[in-house]
Each structure stands twice: as structure tokens, then as C-alpha cells.
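Single-structure report; data block below.
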Amino acid sequence: DEETEGQQPEKKPITPQMALNIFRHIATDDIKRMGLSNDYARPEWMIITVLPVPPPPVRPSISVDGGNGLRGEDDLTYKLGDIIRANGNVRRCDSEGSPAHVVNEFEQLLQ
Numbered sequence: 001d002e003e004t005e006g007q008q009p010e011k012k013p014i015t016p017q018m019a020l021n022i023f024r025h026i027a028t029d030d031i032k033r034m035g036l037s038n039d040y041a042r043p044e045w046m047i048i049t050v051l052p053v054p055p056p057p058v059r060p061s062i063s064v065d066g067g068n069g070l071r072g073e074d075d076l077t078y079k080l081g082d083i084i085r086a087n088g089n090v091r092r093c094d095s096e097g098s099p100a101h102v103v104n105e106f107e108q109l110l111q
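Quick note on UniProt numbering: the sequence shown kicks off at 1 and runs consecutively.
Structure (C-alpha cells):
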């Protein structure tokens, strides 16, 4: 067809959920051919689906001014807070029935 000749095929982004689904459906024989193990290294285990967040007592505040009372958080604690807030926004938008593009924007913040 002359219209489609020379055109790039349409690109479709693969969401993390789609990738996880693809990995889950890889046959046992194919996993072995890839050099992985069904018991110790399945492809779907390489996608983080649960992010363990340490509780505040494990991530205590640090002294900012040499012990004169000012306390602060390290960069990792701030980043964990950002992730928790972004995840809350995704859940809230999803439960409120927000438009798909809004939910997708918040999901992209988590990537």
C-alpha cells in the first residue's frame, strides 16, 4: 500500500502491568532456554510489585545542627515520602473515576 509505505509502525507504550503479564505467561521451557530458573529466577520476579517501606523508627531523623535540637530527614526518607504521596494520588484518582490521562500522569511519576 502506497499510503503506509515508508511510515513507521505505530508505537504503543507498554505499561508495567502489561510487561508483568507478558513475563508471567512465559513458558517453563522458554525460561530455561533464557538461562533462568523456574525455582530461583522467574522473569516476573524482576518487576517490583511491592515496595517495602521501612517504618519511621527504622528511619530516624538525623541531627542537622550538631545536636542543638534541629532535626532533619535524609534524602531517602524524603524520596520514600514522595513515592507514598504519588501512590496515594494514583489510588485516589482511580477510586474517584478520574480521566485515564490524569491517572496515567500520576502513574508515570512512580516510574
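Ideal Cβ placement from N, Cα and C applies to all residues, glycine included.
Beta-carbon contacts of residue i that lie in its chain and below 8 Å, excluding the five residues immediately before and after
i, result
"Gln111", "Pro16"
"Val102", "Cys93"
"Leu36", "Arg42, Pro43"
"Leu20", "Glu44, Ile47, Thr49"
"Ser95", "none"
"Ile84", "Val53"
"Tyr78", "none"
With 16 other Cβ atoms within 10 Å as the buried cut-off, status of residue i
i, result
"Val53", "exposed"
"Val90", "buried"
Distance, residue j Cα to residue i Cα
i, j, result
"Thr49", "Gly6", "39 Å"
"Ala27", "Asp39", "13 Å"
"Leu76", "Pro55", "13 Å"
"Ile22", "Met34", "15 Å"
"Val58", "Leu51", "16 Å"
"Ser98", "Asp29", "42 Å"
"Lys12", "Met18", "11 Å"
Residue closest to residue i, alpha-carbon to alpha-carbon, out of the options
i, options, result
"Arg24", "Pro57, Ile83, Trp45, Glu96", "Trp45"
Within-7 Å CB hit, residue i to chain D
i, result
"Thr49", "In summary, chain D is missing from the structure at hand, where a single protein chain is found."
Cβ shell of residue i (< 6 Å), same chain only, five flanking positions each side left out
i, result
"Leu109", "Ala86"
Same chain, Cβ closer than 7 Å to residue i, five either side skipped, listed in chain order
i, result
"residue 126", "Because residue 126 is not part of the residues shown, which for the chain are 1 to 111, the question remains open."
"Leu80", "Val53"
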